[in-house]
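Heads up: the structure comes next, in structure tokens.
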Amino acid sequence: MKDFVEANGNFAVELFKLQLQDNSGKNVISFSIGAEMALALILLGSDKETADEIRKALHFWRWPETVTPTDGPHSGTECDIPGGFHSQFKRILTILNQHSKYHMLKIGGRIYGSKAEDFLEHYKKCVKEIYNSDFENVDFKNAAVEARQKMNSWVESETNGAIKEFFPPHSIDQSTSLILLNTTSFQGRWKFPFNPRNTYRGVFWNCQDQSIYVDMMTQRGRFNTANIPSPSMQVVQLPYVDDILYMYIFLPENRLSTDEVPRYRDEILRPLVRPYAGVVGPGFLLMHNNARPHVAGVCQQFLQDEGIDAMDWPTRSPDLNPIEHIWDIMSRSIHQRHIAPDCPGVGGCFSPGVGGDSSGDHPPPHQEHAKAL
């Protein structure tokens, strides 16, 4: 089991890195066991070069040879050798699907194979025995629409109506031979529950340059953390009851400088905003924008603890701060002015070395702007 867990972890990390490369600047939800299960189901019916490539992708090519349905029974087993990859995968699925009063985790799968293909009965049996997945023959060639509707109905049923029309129209055609589906449903209880009173509106970055306001749960406590050097990110572990299951949150460190957040809190909010809010009294409303230090959890928590309300700021809005517009108007007005400087004496206002007109009558516009400012 130790080898399987290590291989599973290596596969999950490699898959996550590939997802980051393909979704640069976006948030990623990685479901490695679903991808691993799909590859395992294909491996179950593969041999030779195809099987070798899948074993390599799953990081267990050094293990003893795994029996495929074409090999037949081996050492008294029908689908895998004792301790083989499929046997250990079955054990993991059995553990994950165990009933608990504190959480519900259900992993299911189903395979739809074309009636035009000849799938071995032994393969269908092993799919059910090891992965608890049903195999169903459908007519992709002559009834693709009906097959798509049937698969969508299964997905909708397995997700309690949360996912509908998983396969859009025209996504299935007569060339389809095999479709593997798996779903995961999970409900759990936090070991350290979040207090609903500590929920506040905050900015969630749904990609590198776009954000939305959402309700964010917050709490203070001691949690296990780790740092990954490449790609650079921090990992936070949130345990569920019984310490059997955990949620891992990966936070890319290039989103925000580690110095910006505490500086904004310690040099702006605490010494300036807090006293001013106290003088103004009830009704004070802080206006700042979606700059990352402004919306960081530690700064939002500080404002909440101090009872300071902040204005909700749209994700992509015109700059509502009037001072920015005033500076713009002043800058434009200064650029339009052409006032001859009053600089008595020979040589004018500018020395020859700075590229100005030595007569002093027509200084370069950028130097006039600098003098006026």
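Quick note: the sequence shown, position 16, residue 970 per the working numbering, numbers continuous.
Virtual Cβ for every residue (Gly too), placed ideally from N, Cα, C.
As the structure is a prediction and not an experimental result, all values here were calculated from the model.
Check: Which one of 1147, 1053, 1247 and 1104 has the shortest CA to CA distance from residue 1195?
Finding: 1147
Notebook entry, point to check: My guess is that residue 1205 and residue 1191 are in contact by the Cβ rule of under 8 Å, so how many angstroms apart are they, rounded?
Noted result: The pair is not a contact, with the Cβ atoms about 12 Å apart (cut-off 8 Å).
Next item on the list: Give the straight-line distance between the Cα atoms of residue 1058 and residue 1198, rounded to the nearest whole angstrom.
Entry: 12 Å
Notebook entry, point to check: Can you give the Cα-Cα distance for residue 1114 and residue 1108, rounded to whole angstroms?
Noted result: 10 Å
Checklist line | Euclidean distance between Cα positions of residue 970 and residue 984 | finding: 6 Å
Next item on the list: Go through the region 1039-1098 residue by residue and report every complete run of the alpha helix (DSSP H) that reaches 4 residues or more, in order.
Entry: The qualifying runs are 1039-1050 and 1075-1085.
Checklist line | Three or more C-beta pairs below 8 Å linking the region 1047-1067 and the region 985-1000 | finding: yes
Next item on the list: Determine the closest residue to residue 1035 out of 1055, 1266, 998 and 1138, with distance taken between C-alpha atoms.
Entry: Among 1055, 1266, 998 and 1138, the Cα nearest to that of residue 1035 is on 998.
Note to self: To the nearest angstrom, how far is the alpha carbon of residue 1112 from that of residue 1243?
What the structure shows: 42 Å
Check: According to DSSP, is residue 1107 helix, strand or coil?
Finding: helix
Check: Is it buried or exposed for residue 1116, if we count other Cβ within 10 angstroms and need 16 for buried?
Finding: By the neighbour-count rule (16 or more Cβ atoms within 10 Å), residue 1116 is not buried but exposed.
Margin query: Does the region 1073-1083 come into contact with the region 1141-1156, if we say contact requires no fewer than three beta-carbon pairs (one atom in each stretch) closer than 8 Å?
Written below: no
Check: For residue 1127, which residues from the same chain have a beta carbon less than 7 Å from its beta carbon, with the 5 sequence-adjacent residues on both sides left out?
Finding: 1098
Note to self: Going by beta-carbon coordinates alone, are residue 1241 and residue 1265 separated by less than 7 Å?
What the structure shows: yes
Next item on the list: Let me know the secondary structure DSSP gives residue 971 once reduced to three states.
Entry: helix
Check: With distances taken from CA atoms, which of 1053, 1239, 1124 and 1203 is nearest residue 1100?
Finding: 1124
Margin query: So, with DSSP's three-state summary, where would you put residue 1165?
Written below: strand
Check: Quick one: what does DSSP say residue 1144 is sitting in, helix, strand or coil?
Finding: Residue 1144 sits in a strand when the DSSP states are folded into three classes.
Notebook entry, point to check: My guess is that residue 1043 and residue 961 are in contact by the Cβ rule of under 8 Å, so how many angstroms apart are they, rounded?
Noted result: Contact flag wrong, Cβ pair sits at about 10 Å.
Margin query: Rounded to whole angstroms, what is the Cα-Cα separation between residue 1221 and residue 982?
Written below: Spanning the two alpha carbons is a distance of roughly 34 Å.
Next item on the list: Could you have a look at residue 1132 and say whether DSSP puts it in helix, strand or coil?
Entry: strand
Check: Using DSSP with H/G/I as helix, E/B as strand and the rest coil, what is residue 1264?
Finding: strand
Item checked: Inter-residue Cα distance where the pair is residue 1068 and residue 1010 -> 28 Å
Notebook entry, point to check: Mind checking whether residue 1231 and residue 1238 have CB atoms under 7 Å apart?
Noted result: yes
Margin query: Counting C-beta neighbours from all protein chains within 10 Å, is the total for residue 1159 16 or more, i.e. buried, or is it exposed?
Written below: buried
Next item on the list: Throw me the rounded Cβ distance for the residue 1105 and residue 1134 pair, which I believe falls under 8 Å.
Entry: About 11 Å separates the two Cβ atoms, so there is no contact after all.
Next item on the list: State the DSSP-derived secondary structure class of residue 1201, mapped to helix, strand or coil.
Entry: strand
Next item on the list: Using 10 angstroms around the beta-carbon of residue 1177, count the other beta-carbons present and answer buried if the total reaches 16, otherwise exposed.
Entry: exposed
Check: How would you label residue 1224, buried or exposed, when you count the other beta carbons within 10 angstroms and need 16 or more for buried?
Finding: Exposed, since its Cβ has fewer than 16 Cβ neighbours within 10 Å.
Note to self: Need the endpoints of the alpha helix (DSSP H) that residue 991 sits in, please.
What the structure shows: 986-998
Next item on the list: Compare the beta carbon distance of residue 1000 and residue 1071 with 7 Å and say whether it is the shorter of the two.
Entry: no
Notebook entry, point to check: Exposed or buried, which one is residue 1038 when buried takes at least 16 other CB atoms within 10 Å?
Noted result: buried
Check: With 16 other CB atoms within 10 Å as the buried threshold, where does residue 995 fall?
Finding: By the neighbour-count rule (16 or more Cβ atoms within 10 Å), residue 995 is buried.
Next item on the list: Could you tell me which residues DSSP puts in a beta bridge with residue 1139?
Entry: Paired residue(s): 1060.
Next item on the list: Could you check what DSSP says for residue 1170 in three-state terms: helix, strand or coil?
Entry: Strand.
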